[in-house]
Structure formats: C-alpha cells, structure tokens
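Take a look at the structure set out below.
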Amino acid sequence: MTRSEGWDQFAATHRAGDVVDGVVTRLAPFGVFLYVGGDVPALLVTDARPAVGSTLPVRVKEIDPVKHRVALIEA
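If you count by the working numbering, then the sequence shown holds residues 4 to 78, one letter each, in order.
Right, dumping it as structure tokens:
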C-alpha cells in the first residue's frame, strides 16, 4: 500500500471525534508526531513527552483531505 492509499483509506474510515492509536515517531518542542492508521503522519500538540515508539490513544480533531493532514487531541 502506498502512502497515498493509506491516507485515502484513513480519511474514508475515520471522522473527527474518533479515538485511534498512534505510534510516536518524533518529539518536538510543541508536541509529538505520530503515525495513525499504520502510515498516516499526524501531529498531537501536547506538553507530554512519551517515548518514541510508544503507542498513545488519541482523538481525531480534524482531517484535512486537501493538505493530507490529521490534527489530534489527547483522548
């Protein structure tokens, strides 16, 4: 599955408010980057500092199909 196919599948099966598991890929001063739905990158703005590779339950705040962006909030 290509990244585009993964994105299309995630956008077709998820909506704002859904709770999904995200795998932490990188920490940033303003939050953490995660992969949701397997290979869809997303951003969680948080002060928490989970370990890279850990899995977090997160809530989908917004899906932007034009920019291929997923915004998350803590579940």
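Quick reminder that beta carbons are idealized off the backbone N, C-alpha and C, glycines included.
How would you call G25, buried or exposed, if buried means at least 16 neighbouring beta carbons within 10 angstroms?
By the Cβ-count criterion, G25 is buried, with 16 or more other Cβ atoms from all chains shown falling within 10 Å of its own Cβ.
Work out the CA separation of F33 and R52 for me, nearest whole Å.
Distance between the alpha carbons of R52 and F33 is about 10 Å.
Under the three-state DSSP convention, the category A31 falls into:
A31 falls in the strand class under three-state DSSP.
Would you mind stating whether A74 and L30 have Cβ atoms separated by less than 8 Å?
No. Outside cutoff.
Boundaries of the beta strand (DSSP E) in which K64 is found, first to last residue:
Run containing K64: 58-67, per the beta strand (DSSP E) assignment.
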